[in-house]
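See structure below.
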(Lines of atoms letter the chains of each structure in order from A and count residues from 1; the text may use other names and numbers.)
(Lines give C-alpha, C1' and ligand atoms only; values in the text may rest on other atoms or scores of the structure.)
Protein backbone atom coordinates (compact mmCIF):
# COMPACT_ATOMS: atom_id res chain seq x y z
CA UNK A 1 0.00 0.00 0.00
CA UNK A 2 1.00 3.63 -0.52
CA UNK A 3 1.92 5.71 2.52
CA UNK A 4 -0.71 8.07 3.92
CA UNK A 5 0.55 11.23 5.62
CA UNK A 6 -1.62 12.33 8.55
CA UNK A 7 -0.96 15.79 9.96
CA UNK A 8 -2.39 18.90 11.57
CA UNK A 9 -1.61 22.55 10.94
CA UNK A 10 1.62 24.53 10.98
CA UNK A 11 2.68 25.97 14.37
CA UNK A 12 1.05 22.88 15.86
CA UNK A 13 -0.80 22.90 19.17
CA UNK A 14 -1.76 19.90 21.29
CA UNK A 15 -4.94 19.16 19.33
CA UNK A 16 -3.03 19.21 16.06
CA UNK A 17 -0.32 16.81 17.26
CA UNK A 18 -2.50 14.40 19.22
CA UNK A 19 -5.17 14.30 16.50
CA UNK A 20 -2.51 13.27 13.99
CA UNK A 21 -1.49 10.38 16.23
CA UNK A 22 -5.05 9.38 17.06
CA UNK A 23 -6.24 9.61 13.44
CA UNK A 24 -3.29 7.57 12.17
CA UNK A 25 -4.10 4.89 14.73
CA UNK A 26 -7.76 4.87 13.66
CA UNK A 27 -6.74 4.49 10.03
CA UNK A 28 -4.57 1.50 10.88
CA UNK A 29 -7.38 -0.07 12.89
CA UNK A 30 -9.66 0.37 9.86
CA UNK A 31 -7.17 -1.30 7.52
CA UNK A 32 -4.92 1.51 6.25
CA UNK A 33 -1.69 0.09 7.65
CA UNK A 34 0.45 2.69 5.88
CA UNK A 35 -1.02 5.68 7.71
CA UNK A 36 1.62 7.61 9.67
CA UNK A 37 1.36 10.72 11.83
CA UNK A 38 3.52 13.76 11.08
CA UNK A 39 3.90 17.30 12.39
CA UNK A 40 4.36 20.59 10.53
CA UNK A 41 6.44 22.36 13.15
CA UNK A 42 8.02 22.21 16.58
CA UNK A 43 5.92 21.00 19.49
CA UNK A 44 5.20 23.34 22.37
CA UNK A 45 5.79 22.76 26.09
CA UNK A 46 2.22 21.63 26.72
CA UNK A 47 2.35 19.01 23.97
CA UNK A 48 5.75 17.90 25.21
CA UNK A 49 4.19 17.38 28.66
CA UNK A 50 1.41 15.23 27.13
CA UNK A 51 3.76 13.07 25.07
CA UNK A 52 6.09 12.58 28.03
CA UNK A 53 3.13 11.61 30.22
CA UNK A 54 1.97 9.02 27.69
CA UNK A 55 5.54 7.93 26.94
CA UNK A 56 5.60 8.35 23.16
CA UNK A 57 7.76 10.32 20.74
CA UNK A 58 6.60 13.31 18.74
CA UNK A 59 5.65 12.59 15.13
CA UNK A 60 8.31 13.11 12.48
CA UNK A 61 8.65 16.61 11.02
CA UNK A 62 7.17 17.00 7.54
CA UNK A 63 8.04 20.03 5.41
CA UNK A 64 6.43 19.09 2.10
CA UNK A 65 4.79 16.18 0.30
CA UNK A 66 5.45 14.78 -3.13
CA UNK A 67 3.01 15.12 -6.01
CA UNK A 68 0.01 12.75 -5.70
CA UNK A 69 0.87 11.86 -2.09
CA UNK A 70 -2.04 10.53 -0.05
CA UNK A 71 -2.77 12.85 2.86
CA UNK A 72 -5.28 13.18 5.69
CA UNK A 73 -5.79 16.58 7.32
CA UNK A 74 -6.79 16.97 10.96
CA UNK A 75 -7.51 20.13 12.96
CA UNK A 76 -7.21 22.31 9.85
CA UNK A 77 -8.24 22.48 6.22
CA UNK A 78 -6.94 25.83 5.04
CA UNK A 79 -4.08 25.39 2.53
CA UNK A 80 -2.27 28.39 4.03
CA UNK A 81 -1.93 26.50 7.31
CA UNK A 82 -1.01 23.20 5.72
CA UNK A 83 1.95 21.37 4.23
CA UNK A 84 3.84 22.71 1.22
CA UNK A 85 2.65 21.26 -2.10
CA UNK A 86 -0.77 20.35 -0.70
CA UNK A 87 -2.34 21.54 -3.95
CA UNK A 88 -0.71 18.60 -5.75
CA UNK A 89 -1.52 16.00 -3.11
CA UNK A 90 -4.45 13.58 -2.97
CA UNK A 91 -6.51 14.54 0.08
CA UNK A 92 -8.30 11.44 1.31
CA UNK A 93 -9.99 12.78 4.43
CA UNK A 94 -10.40 15.89 6.55
CA UNK A 95 -11.47 15.86 10.21
CA UNK A 96 -11.76 19.37 11.62
CA UNK A 97 -13.66 21.74 13.91
CA UNK A 98 -12.83 24.94 12.01
CA UNK A 99 -14.72 26.57 9.15
CA UNK A 100 -14.43 25.08 5.68
CA UNK A 101 -11.69 26.74 3.63
CA UNK A 102 -10.77 23.93 1.24
CA UNK A 103 -11.75 23.51 -2.40
CA UNK A 104 -11.13 20.29 -4.32
CA UNK A 105 -12.16 18.97 -7.71
CA UNK A 106 -12.78 15.46 -6.43
CA UNK A 107 -14.90 13.82 -3.70
CA UNK A 108 -13.38 13.03 -0.33
CA UNK A 109 -14.36 12.15 3.24
CA UNK A 110 -15.16 15.26 5.28
CA UNK A 111 -16.10 15.32 8.96
CA UNK A 112 -16.63 18.82 10.30
CA UNK A 113 -18.42 19.58 13.56
CA UNK A 114 -18.59 22.87 15.52
CA UNK A 115 -17.05 21.36 18.65
CA UNK A 116 -14.39 22.58 21.03
CA UNK A 117 -11.74 20.18 19.78
CA UNK A 118 -10.95 17.90 16.84
CA UNK A 119 -10.35 15.07 19.29
CA UNK A 120 -14.02 15.14 20.29
CA UNK A 121 -14.89 14.34 16.67
CA UNK A 122 -12.29 11.58 16.62
CA UNK A 123 -13.75 10.21 19.85
CA UNK A 124 -17.07 9.89 18.02
CA UNK A 125 -15.42 8.23 15.03
CA UNK A 126 -13.81 5.62 17.26
CA UNK A 127 -17.17 4.86 18.86
CA UNK A 128 -19.04 4.83 15.53
CA UNK A 129 -16.52 2.37 14.06
CA UNK A 130 -16.38 0.21 17.20
CA UNK A 131 -12.63 0.78 17.53
CA UNK A 132 -11.19 0.31 21.00
CA UNK A 133 -10.04 3.46 22.76
CA UNK A 134 -6.98 2.38 24.71
CA UNK A 135 -5.69 4.15 27.80
CA UNK A 136 -2.97 5.80 25.69
CA UNK A 137 -5.38 7.01 23.01
CA UNK A 138 -7.84 8.20 25.67
CA UNK A 139 -5.09 10.25 27.34
CA UNK A 140 -4.16 11.90 24.05
CA UNK A 141 -7.79 12.72 23.28
CA UNK A 142 -8.52 13.97 26.79
CA UNK A 143 -5.41 16.16 26.87
CA UNK A 144 -6.29 17.91 23.63
CA UNK A 145 -9.89 18.59 24.64
CA UNK A 146 -8.68 20.06 27.94
CA UNK A 147 -6.18 22.19 26.01
CA UNK A 148 -8.57 23.52 23.37
CA UNK A 149 -11.38 24.23 25.84
CA UNK A 150 -9.17 25.44 28.71
CA UNK A 151 -10.54 22.80 31.06
CA UNK A 152 -14.05 23.17 29.58
CA UNK A 153 -14.14 26.90 30.45
CA UNK A 154 -13.84 28.26 26.91
CA UNK A 155 -17.02 29.43 25.12
CA UNK A 156 -16.12 26.94 22.38
CA UNK A 157 -16.95 24.11 24.79
CA UNK A 158 -19.97 22.00 23.86
CA UNK A 159 -21.95 19.28 25.61
CA UNK A 160 -20.23 16.76 23.35
CA UNK A 161 -16.84 17.93 24.63
CA UNK A 162 -18.01 17.55 28.23
CA UNK A 163 -19.37 14.07 27.61
CA UNK A 164 -16.14 13.03 25.91
CA UNK A 165 -14.04 14.30 28.82
CA UNK A 166 -16.20 12.37 31.28
CA UNK A 167 -15.82 9.10 29.36
CA UNK A 168 -12.17 9.56 28.42
CA UNK A 169 -11.04 10.44 31.94
CA UNK A 170 -12.44 7.10 33.11
CA UNK A 171 -10.68 5.16 30.36
CA UNK A 172 -7.42 7.05 30.95
CA UNK A 173 -7.85 6.75 34.73
CA UNK A 174 -7.10 10.46 35.09
CA UNK A 175 -8.58 13.19 37.26
CA UNK A 176 -9.27 15.66 34.45
CA UNK A 177 -9.24 18.76 36.66
CA UNK A 178 -6.01 17.95 38.46
CA UNK A 179 -4.17 16.63 35.41
CA UNK A 180 -5.53 19.38 33.18
CA UNK A 181 -4.34 22.23 35.38
CA UNK A 182 -0.87 20.68 35.63
CA UNK A 183 -0.78 20.21 31.85
CA UNK A 184 -1.94 23.75 31.09
CA UNK A 185 0.58 25.24 33.50
CA UNK A 186 3.36 23.20 31.85
CA UNK A 187 2.40 24.84 28.58
CA UNK A 188 2.85 28.33 29.99
CA UNK A 189 6.59 27.95 30.64
CA UNK A 190 8.20 30.27 28.09
CA UNK A 191 11.66 30.46 29.66
CA UNK A 192 13.36 28.29 27.06
CA UNK A 193 11.82 30.07 24.06
CA UNK A 194 13.27 32.98 22.13
CA UNK A 195 11.05 35.97 21.30
CA UNK A 196 10.82 34.74 17.71
CA UNK A 197 9.67 31.31 18.90
CA UNK A 198 7.07 32.78 21.28
CA UNK A 199 5.61 34.89 18.47
CA UNK A 200 5.37 31.79 16.26
CA UNK A 201 4.07 29.31 18.86
CA UNK A 202 0.39 29.63 17.96
CA UNK A 203 0.34 32.30 15.28
CA UNK A 204 -2.41 32.29 12.67
CA UNK A 205 -2.81 34.64 9.73
CA UNK A 206 -6.42 35.77 9.93
CA UNK A 207 -7.47 38.58 7.66
CA UNK A 208 -10.33 40.68 9.00
CA UNK A 209 -11.89 41.58 5.65
CA UNK A 210 -9.17 43.79 4.10
CA UNK A 211 -7.08 44.00 7.29
CA UNK A 212 -4.14 41.63 6.85
CA UNK A 213 -3.47 40.31 10.32
CA UNK A 214 -1.70 37.76 12.48
CA UNK A 215 -3.33 36.73 15.75
CA UNK A 216 -1.06 34.87 18.13
CA UNK A 217 -2.22 33.39 21.43
CA UNK A 218 0.04 32.53 24.37
CA UNK A 219 -1.32 30.88 27.50
CA UNK A 220 0.06 31.82 30.89
CA UNK A 221 -0.60 31.46 34.60
CA UNK A 222 0.81 34.96 35.16
CA UNK A 223 0.26 37.82 32.71
CA UNK A 224 2.76 40.09 34.55
CA UNK A 225 5.51 37.50 33.98
CA UNK A 226 4.95 37.60 30.22
CA UNK A 227 4.74 41.40 30.19
CA UNK A 228 8.28 41.56 31.54
CA UNK A 229 9.21 40.77 27.92
CA UNK A 230 6.88 43.42 26.46
CA UNK A 231 9.60 45.56 24.90
CA UNK A 232 11.21 42.55 23.20
CA UNK A 233 7.83 41.16 22.13
CA UNK A 234 6.85 44.46 20.52
CA UNK A 235 10.15 44.67 18.68
CA UNK A 236 9.60 41.15 17.34
CA UNK A 237 6.01 41.94 16.38
CA UNK A 238 7.05 45.08 14.51
CA UNK A 239 9.67 43.10 12.63
CA UNK A 240 7.05 40.56 11.52
CA UNK A 241 4.66 43.37 10.56
CA UNK A 242 7.32 44.83 8.28
CA UNK A 243 8.43 41.49 6.82
CA UNK A 244 4.88 40.23 6.18
CA UNK A 245 3.42 43.64 5.26
CA UNK A 246 0.75 43.28 7.94
CA UNK A 247 -1.89 45.78 8.94
CA UNK A 248 -2.23 44.30 12.42
CA UNK A 249 -0.41 41.95 14.79
CA UNK A 250 -2.58 40.99 17.74
CA UNK A 251 -0.95 39.08 20.60
CA UNK A 252 -3.34 37.51 23.11
CA UNK A 253 -1.72 36.68 26.45
CA UNK A 254 -4.39 34.45 27.95
CA UNK A 255 -4.60 33.87 31.70
CA UNK A 256 -5.67 30.21 32.10
CA UNK A 257 -6.51 30.73 35.79
CA UNK A 258 -8.71 33.86 35.57
CA UNK A 259 -9.93 33.40 31.97
CA UNK A 260 -8.90 36.86 30.72
CA UNK A 261 -6.59 37.98 27.91
CA UNK A 262 -4.13 40.85 27.90
CA UNK A 263 -3.81 42.06 24.33
CA UNK A 264 -0.85 43.76 22.71
CA UNK A 265 -1.89 45.25 19.37
CA UNK A 266 0.51 46.80 16.86
CA UNK A 267 0.22 47.94 13.25
CA UNK A 268 -1.59 50.69 11.37
CA UNK A 269 -4.95 49.04 12.11
CA UNK A 270 -4.39 48.45 15.83
CA UNK A 271 -7.34 50.75 16.51
CA UNK A 272 -9.60 47.98 15.17
CA UNK A 273 -9.24 46.36 18.60
CA UNK A 274 -10.61 49.55 20.21
CA UNK A 275 -13.52 49.69 17.79
CA UNK A 276 -14.38 45.99 18.12
CA UNK A 277 -14.38 45.84 21.91
CA UNK A 278 -15.23 49.42 22.88
CA UNK A 279 -11.94 49.82 24.74
CA UNK A 280 -8.92 52.11 24.67
CA UNK A 281 -5.39 50.86 24.05
CA UNK A 282 -2.88 52.22 26.53
CA UNK A 283 0.76 51.69 25.66
CA UNK A 284 -0.50 49.34 22.89
CA UNK A 285 -2.30 47.14 25.46
CA UNK A 286 -5.73 46.39 26.86
CA UNK A 287 -7.17 43.69 29.13
CA UNK A 288 -10.14 41.88 27.59
CA UNK A 289 -11.99 40.31 30.49
CA UNK A 290 -13.51 36.90 29.82
CA UNK A 291 -11.91 36.61 26.39
CA UNK A 292 -10.10 33.28 25.96
CA UNK A 293 -11.19 31.97 22.56
CA UNK A 294 -9.58 33.31 19.41
CA UNK A 295 -12.10 31.44 17.26
CA UNK A 296 -15.30 32.62 18.99
CA UNK A 297 -14.35 35.82 20.83
CA UNK A 298 -11.82 37.43 18.50
CA UNK A 299 -12.27 36.44 14.86
CA UNK A 300 -16.04 37.11 14.55
CA UNK A 301 -15.96 40.39 16.51
CA UNK A 302 -12.89 41.75 14.74
CA UNK A 303 -14.21 40.76 11.32
CA UNK A 304 -17.61 42.33 11.96
CA UNK A 305 -15.99 45.64 12.90
CA UNK A 306 -13.30 45.72 10.20
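In this note's numbering, the protein residues as written are 3 to 308. Built from N, CA and C at the ideal position, the CB exists for glycine as well. Keep in mind the model is a prediction, meaning the values are calculated, not measured.
Give me the Cα-Cα distance between residue i and residue j, rounded to the nearest whole angstrom.
{"i": "residue 350", "j": "residue 153", "result": "Outside the shown range of the chain, which is 3 to 308, sits residue 350, and nothing can be said about it."}
{"i": "residue 308", "j": "residue 206", "result": "17 Å"}
{"i": "residue 177", "j": "residue 223", "result": "20 Å"}
{"i": "residue 49", "j": "residue 277", "result": "35 Å"}
{"i": "residue 217", "j": "residue 251", "result": "6 Å"}
{"i": "residue 164", "j": "residue 180", "result": "16 Å"}
Per DSSP, what kind of secondary structure is residue i in: helix, strand or coil?
{"i": "residue 287", "result": "strand"}
{"i": "residue 68", "result": "coil"}
{"i": "residue 5", "result": "coil"}
{"i": "residue 154", "result": "coil"}
{"i": "residue 12", "result": "strand"}
{"i": "residue 167", "result": "helix"}
{"i": "residue 92", "result": "strand"}
{"i": "residue 206", "result": "strand"}
{"i": "residue 300", "result": "coil"}
{"i": "residue 85", "result": "coil"}
{"i": "residue 24", "result": "helix"}
{"i": "residue 125", "result": "helix"}
{"i": "residue 192", "result": "coil"}
{"i": "residue 112", "result": "strand"}
{"i": "residue 183", "result": "helix"}
{"i": "residue 17", "result": "helix"}
What does the Cβ neighbour count give for residue i, buried or exposed, with the cut at 16 atoms within 10 Å?
{"i": "residue 3", "result": "exposed"}
{"i": "residue 66", "result": "exposed"}
{"i": "residue 108", "result": "exposed"}
{"i": "residue 103", "result": "exposed"}
{"i": "residue 171", "result": "buried"}
{"i": "residue 12", "result": "buried"}
{"i": "residue 47", "result": "buried"}
Under the criterion of a Cβ to heavy atom distance below 7 Å, does residue i qualify as lining the ligand SAM?
{"i": "residue 87", "result": "The ligand content of the structure shown is nil, which means the ligand SAM is not present either."}
* Go through the stretch 213 to 289 residue by residue and report every complete run of the beta strand (DSSP E) that reaches 3 residues or more, in order. => 215 to 222, 250 to 257 and 262 to 268
* Taking one C-beta from the stretch 16 to 31 and one from the stretch 142 to 149 each time, how about it: are there three or more such pairs within less than 8 Å? -> The answer is yes - the stretch 142 to 149 touches the stretch 16 to 31, with three or more Cβ pairs under 8 Å.
* **Complete alpha helix (DSSP H) runs within the stretch 29 to 73 (minimum length 4 residues, chain order)** => 47 to 56
* contact_flag[the stretch 254 to 267, the stretch 286 to 306] where n(CB pairs < 8 Å) is 3 or more -> yes
* Spell out a yes or no on whether the stretch 266 to 277 and the stretch 233 to 252 are touching, meaning 3 or more CB-CB pairs, one atom from each, closer than 8 Å. => yes
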